[in-house]
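Trainee: So the sequences go chain by chain: A and B. At position 310 of the first sequence (counting the first as 1) the number is 369 in our numbering, and the numbers step up by one without a gap. At position 23 of the second sequence (counting the first as 1) the number is 82 in our numbering, and the numbers step up by one without a gap. We treat Cβ as the ideally placed atom computed from N, Cα and C, and that holds for glycine.
Number of protein chains: 2
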Amino acid sequence: MINETMYQMGNKLSVIRELFSYGLKQAAVVGKENVFDFSIGNPSVPSPKAVTEAFQKLCAEEDSLPIHSYTLARGSVEARAAVAANLAMRTGTLVRPDNIFLTCGAAPALCAVMKALSLEDSEILVIAPYFAEYRPFIEFSGNKMVVVPADMENFQINFPELEKCINEHTQAIVVNSPNNPTGAVYSYETLSKLSKLLKAKSKEYGHPIYIISDEPYRELVYDDAYVHYIPDIYPNTIICYSYSKVFSLPGERIGYFFIPDCVEDGERLYYAASGAARVNGHVCAPSLQQKVIQICADVKPDISVYDRNRVVLYDALTNYGYQCVKPQGAFYLFVKAPYGTAKEFSDRAKLDNLLIVPGDEFGCPEYFRASICVSYDMIIRSLPIFKKLIEEKPE
Amino acid sequence: MINETMYQMGNKLSVIRELFSYGLKQAAVVGKENVFDFSIGNPSVPSPKAVTEAFQKLCAEEDSLPIHSYTLARGSVEARAAVAANLAMRTGTLVRPDNIFLTCGAAPALCAVMKALSLEDSEILVIAPYFAEYRPFIEFSGNKMVVVPADMENFQINFPELEKCINEHTQAIVVNSPNNPTGAVYSYETLSKLSKLLKAKSKEYGHPIYIISDEPYRELVYDDAYVHYIPDIYPNTIICYSYSKVFSLPGERIGYFFIPDCVEDGERLYYAASGAARVNGHVCAPSLQQKVIQICADVKPDISVYDRNRVVLYDALTNYGYQCVKPQGAFYLFVKAPYGTAKEFSDRAKLDNLLIVPGDEFGCPEYFRASICVSYDMIIRSLPIFKKLIEEKPE
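1. Following the continuous alpha helix (DSSP H) through ALA166 of chain B, name the residue where it begins and the one where it ends.
2. Quick check on this structure: which residue in B:ASN217, B:ASN412 and B:GLU326 has the alpha carbon closest to the alpha carbon of ASN70 of chain A?
3. If you follow the alpha helix (DSSP H) that SER314 of chain B is part of, which residue opens it and which one closes it?
4. Quick check: the region 153-164 of chain B against the region 324-339 of chain A, are there 3 or more CB pairs under 8 Å?
5. With a 10 Å radius around its C-beta and 16 neighbouring C-beta atoms as the bar for buried, classify LEU153 of chain A as buried or exposed.
6. Looking at C-alpha atoms only, which residue of B:GLY265, B:VAL94 and B:VAL136 is the closest neighbour of LYS409 of chain B?
7. Does DSSP put ILE301 of chain A in a helix, in a strand, or in coil?
8. Kindly indicate which three-state DSSP category ASP324 of chain B falls into: helix, strand or coil?
9. Which one or two residues does DSSP pair with MET437 of chain B in a beta bridge?
10. Does the beta carbon of ASP324 of chain A sit closer than 7 Å to a beta carbon anywhere in chain B?
11. Distance, Cα to Cα, TYR193 of chain A vs ALA132 of chain B?
12. In terms of alpha-carbon separation, which member of B:ILE297, B:ASP282, B:ALA335 and B:LEU117 lies closest to PRO167 of chain A?
13. So, does the CB of ALA408 of chain A fall closer than 7 Å to a CB anywhere in chain B?
14. In chain A, which residues lie with their C-beta within 8 Å of the C-beta of PRO267 of chain B?
15. For PRO443 of chain B, which three-state DSSP category applies?
16. Is there a Cβ of chain B sitting closer than 7 Å to that of VAL338 of chain A, yes or no?
17. Take ILE318 of chain A as the anchor and find which of A:PHE114, A:ASN339 and A:TYR288 has the nearest alpha-carbon.
18. Flag this pair as yes or no: are the beta carbons of SER254 of chain B and ILE216 of chain B separated by less than 7 Å?
19. May I ask you to report which of helix, strand or coil DSSP gives PRO188 of chain A?
20. Answer with buried or exposed for TYR365 of chain B, where buried requires no fewer than 16 other C-beta atoms within 10 angstroms of its C-beta.
21. Check the Cβ-Cβ distances between CYS170 of chain A and every residue of chain B, and say whether any is below 7 Å.
22. Would you give the residue range spanned by the alpha helix (DSSP H) that GLN230 of chain B belongs to?
23. Looking only at its own chain, which residues have a Cβ that is under 8 Å from the Cβ of ARG367 of chain A, when we skip the five neighbours before and after it?
24. Helix, strand or coil for GLN387 of chain A, going by three-state DSSP, please let me know.
25. What does PRO195 of chain B reach in chain A if we use C-beta pairs closer than 9 Å?
26. Taking its Cβ as the centre, do 16 or more other Cβ atoms sit within 10 Å of TYR315 of chain A, making it buried, or is it exposed?
27. Any C-beta of chain B within less than 8 Å: which residues of the region 207-241 of chain A qualify?
28. Round the Cβ separation of ALA401 of chain B and TYR426 of chain B to the nearest angstrom and send it over; I've been treating them as touching at under 8 Å.
29. Which residues, in order along the region 127-147 of chain A, keep a beta-carbon less than 8 Å from a beta-carbon of chain B?
30. By the criterion of Cβ-Cβ separation under 7 Å, what are the contact partners of VAL342 of chain A in chain B?
31. When we look at the beta-carbon of PRO443 of chain B and count the other beta-carbons within 10 Å, is it buried (16 or more) or exposed?
32. Could you list the residues in the region 295-319 of chain A with a C-beta less than 7 Å from some C-beta on chain B, going in chain order?
33. Spatial neighbours of MET68 of chain A within its chain, please: CB distance less than 7 Å, with the 5 preceding and 5 following residues excluded, ordered by chain position.
34. Since VAL104 of chain A and VAL358 of chain A should fall inside the 8 Å C-beta cutoff, what is the C-beta to C-beta distance between them, to a whole number of angstroms?
35. Against chain B, does MET65 of chain A count as a neighbour if the rule is that its beta carbon must be under 7 Å from one of theirs?
36. Count the CB pairs spanning the region 228-238 of chain A and the region 272-279 of chain A that are closer than 8 Å, and state whether there are at least three.
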């Protein structure tokens, strides 16, 4: 008398979580220094000093009540005002506190927005390779997930394939740039083409097709990469955001959905997503974390450590003969398995306690993902194993 | 092209939240000291010193990474071990860390457990008066909500009515003792009768009927009231808990569901509820808050302030002629409207900036709820208004 589908969802860990759990257990067996865990996107750089100081300052407040009290479900007006002001500054547009709804991270924000868009037969598109948890979020919010095959050349968008996937049931497409797992950042050209296509299709089917822009890696870009503000290019864009990566607070569950004024039917969508959050058990985002964001909305991260990791791992792997598009953002390398499937290669690597994520769940079973948010030292120590593994390639 | 049901859920605030919002706005107009807000269950006593110190100590840690990192979805093993040890001590039973799943408060814990129990035609019972948010939690987790009419005498359980509500589709009954809104604490006699009935009905229908015990007020009891450990009386009991009330951390979103080993099919239920949490967007409970609980699992609250409020408000109101069962726990008074419906009475009180919650949404439209987790001073200053209002009673 237990819901079987939920049992399956709970019993079967995501491959990433499984590897992460395995890594913890294995560390107890062979020693932490002998496990090379590239599985999870757990930031490896301490939180910015301003963030740490904000936590300290708030916790030192003499009166604990205002720190820990309930806020409005959408978040305190002060915290939302700080976020809105930061977004206004960054985008050069008017952003009001009531465009923002603070959530316990990006995951529940995505679930809420997707549930708000669910209709009979509604479909939401994702572009391969995609963050594996999109599938449960989309399917259990009452939508069908449609996978747009990858652009295997540059991990931008395969437009002929995308066009084939759009029909009258298409409610939204998830855009994730900088991308997990590839590190690709969508160019202005890509976004313009996407905008043009979605505008034409929205017109053809007589209803807006929304972009749901999942942007947890927005500030983590390297070299001269630039992350465009998508609503400027395509107005019907909803933004889901998390402070997990930028402030190294992944466990603290603070993020938001942001529905700009330019979004068609935006106010109704905001309320519908609020309602969806409510029925999923949302009460408010953690209040202390809200106050930290209120203080730190304008703080910028130091990404030099990730950048160094990215360069050293990318250079070493490509030097050994691995194929990989150089990531422009986020903190992953998406690497072609040098032989066999990525699953087979990942299983082989596991024998040497090297934990990399096969791309099956991302919709690209030929590739594996390696996080670069790990210690530089671990990367250096892992290189001989990467080298040995590719040298095992059968002739 | 927006989901209409979700829109309705988001657009229509709960009456409590609406009053709370109104109170904030009205305070800006007439001055904070002239608003008597008895609407919301926001603890008015600072967090225990040990809790505040734990926050301070953790935020002062030199290495911020271990504090703010992802944990397992169910929570860190250390935090769950501390919770389990506390529960073991309190209950005299074996409790393992893997019986516990840490959540962002009781609301998502309830949603997860209810979704795990949802089947075609499944029904979950609540006993009037009940916490109003049970309805969205039950209905949107895929169950039908069935309301058991109240025991208007003592706010225990109306067993003849309960028996009528149980059928082959009954999956669970929600028990909330100490009760919101009445403050009633279920006696051993009540729980024994409940156990006997549920055992017979489980046998009759050939499947367990679970108790979902929602216990956020477990430690908030007065005089000689005692909160029984329900699994000792009825093994098929799942416990949902929140630290919101006991540690005055309602905004911080930390709680759990706990499925003891004695629960039939308990492990499957645990995984199913984990899966339900996942598809609702749960990643982990806030990691800093997990660590606070790890340190403070055994800390006891000081409830003397609530007790003083309870006594002074109860004594004054009954002295003026209001009818009210003296609450044994939680922090509310549930009072019969002296004339008209409670909605009418609450609307009238609002004109004097006295904010009380009509019982309609609790399933008892003749009663209103007044929180006692407010300042003693505000209670004293509000008494003349309560007195005036009952004196307006039409002959």
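Mentor: Per the coordinate set shown:
1. Looking at the DSSP string, the run of the alpha helix (DSSP H) that includes ALA166 of chain B is 165-175.
2. ASN70 of chain A has its Cα closest to that of B:GLU326, out of B:ASN217, B:ASN412 and B:GLU326.
3. The sequence shown places Gly at residue 314 of chain B, rather than the Ser named in the question. From DSSP, GLY314 of chain B is part of no alpha helix (DSSP H) but of the beta strand (DSSP E) over 314-317.
4. Judged by Cβ distances under 8 Å, the region 153-164 of chain B makes no contact with the region 324-339 of chain A, as fewer than three pairs qualify.
5. When all chains shown are included, LEU153 of chain A counts as exposed.
6. The shortest Cα separation from LYS409 of chain B among B:GLY265, B:VAL94 and B:VAL136 belongs to B:VAL94.
7. For the sequence presented, residue 301 of chain A should be read as Ser rather than Ile. Residue state, collapsed to three classes: strand.
8. Secondary structure at ASP324 of chain B: coil, using DSSP grouped into helix, strand and coil.
9. According to the DSSP secondary-structure assignment, MET437 of chain B is paired through a beta bridge with no residue.
10. Cβ-Cβ to chain B under 7 Å: yes for ASP324 of chain A.
11. Taking the straight line joining both Cα atoms gives about 17 Å.
12. Measuring C-alpha to C-alpha distances from PRO167 of chain A to each of B:ILE297, B:ASP282, B:ALA335 and B:LEU117 identifies B:ALA335 as the nearest.
13. No, no contact with chain B.
14. PRO267 of chain B reaches chain A at MET60, counting residues in chain order whose Cβ is nearer than 8 Å.
15. In the three-state scheme derived from DSSP, where H, G and I count as helix and E and B as strand, PRO443 of chain B is classed as helix.
16. At least one C-beta of chain B is nearer than 7 Å to the C-beta of VAL338 of chain A.
17. Closest by C-alpha distance to ILE318 of chain A, out of A:PHE114, A:ASN339 and A:TYR288, is A:TYR288.
18. Cβ atoms of SER254 of chain B and ILE216 of chain B: not closer than 7 Å.
19. The answer is coil: DSSP assigns PRO188 of chain A none of H, G, I, E or B.
20. Burial check for TYR365 of chain B: the Cβ neighbour count within 10 Å reaches 16 or more, so the residue is buried.
21. Taking Cβ atoms only, chain B reaches closer than 7 Å to CYS170 of chain A, which makes this a yes.
22. Annotation: GLN230 of chain B is outside any alpha helix (DSSP H); the continuous beta strand (DSSP E) that includes it extends over 229-234.
23. Closer than 8 Å at the Cβ level, and outside the excluded window around ARG367 of chain A, lie TYR435.
24. In the displayed model, GLN387 of chain A falls within coil according to three-state DSSP, outside both helix and strand.
25. Annotation: Cβ neighbours of PRO195 of chain B in chain A (cutoff 9 Å, chain order): GLY334, ARG337 and VAL338.
26. With 16 or more other Cβ atoms within 10 Å, it is buried.
27. Taken in chain order, the members of the region 207-241 of chain A whose beta-carbon sits within less than 8 Å of a beta-carbon on chain B are GLN230.
28. Rounded, the Cβ-Cβ distance is 6 Å, consistent with contact.
29. Contact residues of the region 127-147 of chain A toward chain B are HIS127, SER128, TYR129, THR130, LEU131 and ALA132 (C-beta to C-beta distance below 8 Å).
30. Close partners of VAL342 of chain A in chain B (Cβ separation under 7 Å): GLY164, ALA166 and ARG312.
31. Note on PRO443 of chain B: under 16 other CB atoms within 10 angstroms of its CB, so exposed under the neighbour-count rule.
32. Those residues of the region 295-319 of chain A that come within reach of chain B (Cβ to Cβ, closer than 7 Å) are SER307, LEU308, PRO309, GLY310, GLU311 and ARG312.
33. These residues qualify, in order along the chain: PRO195.
34. About 13 Å; that fails the 8 Å criterion.
35. Taking 7 Å as the CB threshold, MET65 of chain A lines the interface with chain B.
36. Verdict: yes, contact present.
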